[in-house]
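Chemist: Sharing a structure with you now.
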Amino acid sequence: MDPRETDDVVHRALRALPPPRAPHTLLPRIMAAVADRQTADLRQGSIGQVPAAGQAPRTWFAWPLVWQAGSFAALLLLSAGIAWIWPAAWNVVSSSSALAWHFAAPRILNIVADASAVVTFGSIVWDVFFQPVVTYLMVWIVLMSIACTAFGAALGRVALGGASQS
Amino acid sequence: MTDAARFEAFVREYQDMVFGVALRLLANAAEAEDVSQTVFLKAFERFSEIGESPAAAGWLKTVATNACLNHLSRYRARWRFFSELQRDDANEAEQLDAVLVAAVPATIDVDIDAGDRQRRLECVLQRLPDHQRVPLVLYHFEDKSYQEIAALLGISLAKVKTDIHRGREALRQALTKNHGSA
Numbered sequence: 001m002d003p004r005e006t007d008d009v010v011h012r013a014l015r016a017l018p019p020p021r022a023p024h025t026l027l028p029r030i031m032a033a034v035a036d037r038q039t040a041d042l043r044q045g046s047i048g049q050v051p052a053a054g055q056a057p058r059t060w061f062a063w064p065l066v067w068q069a070g071s072f073a074a075l076l077l078l079s080a081g082i083a084w085i086w087p088a089a090w091n092v093v094s095s096s097s098a099l100a101w102h103f104a105a106p107r108i109l110n111i112v113a114d115a116s117a118v119v120t121f122g123s124i125v126w127d128v129f130f131q132p133v134v135t136y137l138m139v140w141i142v143l144m145s146i147a148c149t150a151f152g153a154a155l156g157r158v159a160l161g162g163a164s165q166s
Numbered sequence: 167m168t169d170a171a172r173f174e175a176f177v178r179e180y181q182d183m184v185f186g187v188a189l190r191l192l193a194n195a196a197e198a199e200d201v202s203q204t205v206f207l208k209a210f211e212r213f214s215e216i217g218e219s220p221a222a223a224g225w226l227k228t229v230a231t232n233a234c235l236n237h238l239s240r241y242r243a244r245w246r247f248f249s250e251l252q253r254d255d256a257n258e259a260e261q262l263d264a265v266l267v268a269a270v271p272a273t274i275d276v277d278i279d280a281g282d283r284q285r286r287l288e289c290v291l292q293r294l295p296d297h298q299r300v301p302l303v304l305y306h307f308e309d310k311s312y313q314e315i316a317a318l319l320g321i322s323l324a325k326v327k328t329d330i331h332r333g334r335e336a337l338r339q340a341l342t343k344n345h346g347s348a
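Those sequence lines, one after another, are chains E and H. This note's numbering puts the first residue of the first sequence at 1, with every later residue one more than the last. This note's numbering puts the first residue of the second sequence at 167, with every later residue one more than the last.
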């Protein structure tokens with residue numbers, strides 16, 4: 001058969017095919033997805049939304065006068081209480097801290113000495129074992145990273161059709 | 167009429183068309199449903215613009231086609247790479263025969279009416295490999311030119327022509343067998 005004839009025959013046959021009908025589950029599925037989307041949008045909107053005038057937190061200056069006076073009196077009372085109790089509290093705290101320092105100081109000095117020894121040991125190990133090879137090690141790590149990245153990119157492009165990048 | 171009711175009427179009007187495009191391109195009903203849902207969600211986002219527009223059908227077709235091609239290139243590339251590693255042209259001819267044999271029902275000797283022929287043709291079309299079916303569908307159903315198909319699929323014009331020719335040959339063989347047996 002002539003190619004053009006084949007083209008015509010196939011074209012006519014294909015065009016004569018009845019159009020596929022969507023399954024009856026498609027419409028409810030789409031409407032459910034739309035409802036979900038709307039709910040998600042509403043939820044997202046409520047987080048960043050500016051609160052309505054009735055819901056806005058009221059500042060101290062907008063409080064009723066009685067509340068302002070009451071809160072001011074409470075603040076004064078609290079300040080006076082702190083001023084009255086402060087010298088006694090300071091005495092207690094300072095005496096306790098002096099006592100604590102008396103007992104803790106030797107232990108802290110011991111810990112500092114131990115830490116210093118560990119640091120010295122570490123620096124010796126570093127100088128003897130790691131310092132000579134650290135340059136080569138870094139070069140090797142960089143080369144391996146480049147090779148892995150190149151391999152991953154090639155695999156993603158050739159085998160996965162860029163799917164891994166989406 | 168509320169927005170939801172208007173959108174429902176919109177989906178009801180165009181769902182067959184969108185699903186048809188997706189089914190013919192993907193040859194898989196479940197994937198076609200997924201893509202149709204994606205297309206209508208996009209339509210919902212722009213419903214104020216396209217809801218009443220006379221270009222809605224064209225817009226939906228374009229979005230559906232692009233979504234299907236995107237779906238094919240992204241989600242099928244993984245298995246297609248491994249399944250097509252050993253595929254060559256000689257192998258393809260055997261596969262074509264297998265498609266035709268699979269599409270021929272056991273009752274081929276009995277008279278086949280037009281409905282059966284159409285079902286068989288649809289069956290052969292759906293069983294064609296992606297690289298033949300997709301350009302064939304774009305050419306015959308979506309009225310795209312060879313150049314447009316090549317640009318859409320990102321392949322050469324020669325490959326588009328070859329693939330469409332092979333797909334057509336498969337369909338012609340199916341039609342010929344049908345006529346011969348009827």
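Ideal placement from N, C-alpha and C gives every residue a C-beta, glycine not left out.
In its own chain, which residues sit with a C-beta less than 7 angstroms from the C-beta of residue 292(H), not counting the 5 before and 5 after it?
Modeler: For the purposes of this step, residue 292(H) is taken as residue 126 along the second sequence, with counting starting at 1. Excluding sequence neighbours, residue 292(H) sits near 193.
Chemist: Measure the Cβ-Cβ separation of residue 306(H) and residue 24(E) and say whether it is below 8 angstroms.
Modeler: Taking the first residue of the second sequence as 1, we reach residue 306(H) at position 140. Taking the first residue of the first sequence as 1, we reach residue 24(E) at position 24. Not closer than 8 angstroms, so no.
Chemist: What span of residues does the alpha helix (DSSP H) with residue 114(E) cover, start to end?
Modeler: Locating residue 114(E) in the first sequence gives position 114, counting from the first residue. Element bounds for residue 114(E): 65–125.
Chemist: Name, please, each residue of chain E whose Cβ falls closer than 8 angstroms to the Cβ of residue 203(H).
Modeler: The count along the second sequence starts at 1 and reaches residue 203(H) at position 37. What residue 203(H) touches in chain E: 26, 29, 30, 33.
Chemist: Are the beta-carbon atoms of residue 302(H) and residue 294(H) separated by less than 8 angstroms?
Modeler: Counting from 1 along the second sequence, the entry for residue 302(H) is found at position 136. Counting from 1 along the second sequence, the entry for residue 294(H) is found at position 128. In this structure, residue 294(H) lies closer than 8 angstroms to residue 302(H) by Cβ.
Chemist: Given a limit of 9 angstroms on CB to CB distance, which residues of the region 5–17 of chain E reach chain H?
Modeler: Listed by position along the chain: 6, 7, 9, 10, 11, 13, 14, 15, 16, 17.
Chemist: Helix, strand or coil: which one does DSSP assign to residue 11(E)?
Modeler: Residue mapping note: residue 11(E) aligns to position 11 of the first sequence, counting from 1. Helix at residue 11(E).
Chemist: So, do the region 213–227 of chain H and the region 66–75 of chain E have three or more beta carbon pairs nearer to each other than 8 angstroms?
Modeler: Counting Cβ pairs under 8 angstroms, fewer than three are found: no touch.
Chemist: Tell me, please, whether the region 195–215 of chain H touches the region 311–321 of chain H by the rule of three or more beta-carbon pairs shorter than 8 angstroms.
Modeler: Touching, no, given that fewer than three Cβ pairs across the two stretches are closer than 8 angstroms.
Chemist: Mind pulling the chain E residues with CB within less than 8 angstroms of residue 338(H)?
Modeler: Along the second sequence, read from residue 1 onward, the residue named residue 338(H) stands at position 172. Going along chain E in sequence order, the residues near residue 338(H) (Cβ under 8 angstroms) are 1, 6, 9, 10.
Chemist: According to DSSP, simplified to helix, strand and coil, what is residue 310(H)?
Modeler: Your numbering for residue 310(H) matches position 144 in the second sequence. DSSP places residue 310(H) in coil when its eight states are reduced to three.
Chemist: Where residue 91(E) and residue 137(E) are concerned, what is the direct C-alpha to C-alpha distance, given to the nearest angstrom?
Modeler: Position 91 of the first sequence, counting from 1, holds the residue named residue 91(E). Position 137 of the first sequence, counting from 1, holds the residue named residue 137(E). Approximately 59 angstroms between the Cα atoms of the pair.
Chemist: Give a yes or no on whether 8 angstroms exceeds the smallest Cβ distance from residue 334(H) to chain E.
Modeler: Here residue 334(H) corresponds to residue number 168 of the second sequence, with the count starting at 1. Yes, its Cβ sits closer than 8 angstroms to a Cβ of chain E.
Chemist: Using beta-carbon positions only, say whether residue 13(E) and residue 341(H) come within less than 8 angstroms of one another.
Modeler: Locating residue 13(E) in the first sequence gives position 13, where the first residue counts as 1. Locating residue 341(H) in the second sequence gives position 175, where the first residue counts as 1. Yes. Within cutoff.
Chemist: Applying the criterion that 16 or more other CB atoms from any shown protein chain within 10 Å of the CB defines a buried residue, is residue 133(E) buried or exposed?
Modeler: Here the question's residue 133(E) lines up with position 133 in the first sequence. With fewer than 16 other Cβ atoms within 10 Å, it is exposed.
Chemist: Can you find a C-beta in chain E that's less than 8 angstroms from the C-beta of residue 186(H)?
Modeler: Looking up residue 186(H) in the second sequence gives position 20. Closer than 8 angstroms to some Cβ of chain E, the Cβ of residue 186(H) qualifies, so yes.
Chemist: When burial is assigned at 16 or more other CB atoms within 10 Å of the CB, is residue 203(H) buried or exposed?
Modeler: Your numbering for residue 203(H) matches position 37 in the second sequence. So residue 203(H) ends up on the buried side.
Chemist: Would you say residue 306(H) faces chain E, with C-beta separation under 8 angstroms as the test?
Modeler: Along the second sequence, read from residue 1 onward, the residue named residue 306(H) stands at position 140. At least one chain E Cβ lies under 8 angstroms of residue 306(H).
Chemist: Tell me whether residue 85(E) is buried or exposed, calling it buried when 16 or more other Cβ atoms sit within 10 Å of its Cβ.
Modeler: In the first sequence, residue 85(E) corresponds to position 85, counting from 1. Exposed, since its Cβ has fewer than 16 Cβ neighbours within 10 Å.
Chemist: Which of the three DSSP states is assigned to residue 24(E) in this structure?
Modeler: Residue numbering aside, residue 24(E) sits at position 24 when the first sequence is read from its first letter. Residue 24(E): coil per DSSP, three-state reduction.
Chemist: Strictly below 8 angstroms CB to CB, what residues from chain C border residue 210(H)?
Modeler: The structure shown has no chain C; the protein chains it does contain are E and H.
Chemist: Could you give the C-beta distance for residue 332(H) and residue 298(H), rounded to a whole number, given that I count them as a contact under 8 angstroms?
Modeler: Translated into the one-based positions of the second sequence, residue 332(H) becomes position 166. Translated into the one-based positions of the second sequence, residue 298(H) becomes position 132. That pair is a contact at about 5 angstroms.
Chemist: State the DSSP-derived secondary structure class of residue 269(H), mapped to helix, strand or coil.
Modeler: Here residue 269(H) corresponds to residue number 103 of the second sequence, with the count starting at 1. Low confidence applies to residue 269(H): its pLDDT is 48, below 50, so where it sits in the model is not reliable enough to give any reading.
Chemist: In the structure shown, what three-state DSSP assignment does residue 285(H) receive?
Modeler: In the second sequence, the residue the question calls residue 285(H) occupies position 119. Note: residue 285(H) maps to helix in three-state DSSP.
Chemist: What's the gap between the Cα of residue 123(E) and the Cα of residue 103(E)?
Modeler: As a position in the first sequence, residue 123(E) is number 123, starting the count at 1. As a position in the first sequence, residue 103(E) is number 103, starting the count at 1. Between residue 123(E) and residue 103(E), the C-alpha separation is close to 32 angstroms.
Chemist: Output needed in chain order: residues of the region 114–134 of chain E with a Cβ under 8 angstroms from some Cβ in chain H.
Modeler: From the region 114–134 of chain E, no residue has a Cβ closer than 8 angstroms to chain H.
Chemist: Grouping DSSP H, G and I as helix and E and B as strand, with all else coil, what is residue 59(E)?
Modeler: Working through the first sequence from its first residue, we reach residue 59(E) at position 59. Note: residue 59(E) maps to coil in three-state DSSP.
Chemist: So for residue 131(E), helix, strand or coil by DSSP?
Modeler: Within the first sequence, numbered from 1, the residue matching residue 131(E) stands at position 131. Coil at residue 131(E), not helix or strand.
Chemist: When the distance is taken between beta carbons, is residue 177(H) closer than 8 angstroms to residue 27(E)?
Modeler: As a working mapping, residue 27(E) is identified with position 27 in the first sequence. As a working mapping, residue 177(H) is identified with position 11 in the second sequence. Yes; because the gap between Cβ atoms is below 8 angstroms, this pair is in contact.
Chemist: Buried or exposed: where does residue 181(H) fall if 16 or more other Cβ atoms within 10 Å of its Cβ makes it buried?
Modeler: Here residue 181(H) refers to the residue found at position 15 when the second sequence is read from its first residue. Counting Cβ neighbours within 10 Å, residue 181(H) comes out buried, since at least 16 surround it.
Chemist: Of all Cβ atoms in chain E, is any one closer than 8 angstroms to the Cβ of residue 206(H)?
Modeler: Here residue 206(H) refers to the residue found at position 40 when the second sequence is read from its first residue. It does: the Cβ of residue 206(H) has a partner Cβ on chain E nearer than 8 angstroms.
Chemist: Under 7 angstroms Cβ-Cβ, which residues of chain H neighbour residue 21(E)?
Modeler: Position 21 of the first sequence, counting from 1, holds the residue named residue 21(E). The contacting residues are 182.
Chemist: Nearest CA to the CA of residue 235(H): which residue from 300(H), 322(H), 206(H)?
Modeler: Numbered from its first residue, the second sequence carries residue 235(H) at position 69. That would be 300(H), whose Cα lies nearest to the Cα of residue 235(H).
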